[in-house]
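A short write-up of the structure that comes next.
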Amino acid sequence: MTVVTLEMLEKKEKFRIHDQMIVLEGAKTTTERTKDNTTDEINEEAENMKQIHEALSTGIAAATDFDEIKLNLKN
Numbered sequence: 069m070t071v072v073t074l075e076m077l078e079k080k081e082k083f084r085i086h087d088q089m090i091v092l093e094g095a096k097t098t099t100e101r102t103k104d105n106t107t108d109e110i111n112e113e114a115e116n117m118k119q120i121h122e123a124l125s126t127g128i129a130a131a132t133d134f135d136e137i138k139l140n141l142k143n
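Mapping the sequence shown onto our numbering, position 38 (from 1) lands on 106, and the numbers just tick up by one.
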């Protein structure tokens, strides 16, 4: 016959709480990594959009110059 003492129950409860703390810490770490990765991706996409905008702005200015040269040749 197994006798369950109050001390045994307390140890079991402490282990259960400790296990839950480990799981929560792991979830917190995963959340922080996901947040950091998402922020990095947003910053990278913003930089890409800036570069595209700059390229298009430069391209449009070059095309305008070309059209003016072409028009001058026709006159």
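The C-beta atom is built at its ideal place from N, Cα and C for all residues, glycine as well.
task: With DSSP as the reference, label V91 as helix, strand or coil.
output: Note: V91 maps to helix in three-state DSSP.
- prompt: Got a sec? Which residues, its chain only, sit under 8 Å from T102 by beta carbon, not counting five neighbours each side?
  reply: Result list for T102: empty, nothing under 8 Å.
message: So for T106, helix, strand or coil by DSSP?
response: T106: helix per DSSP, three-state reduction.
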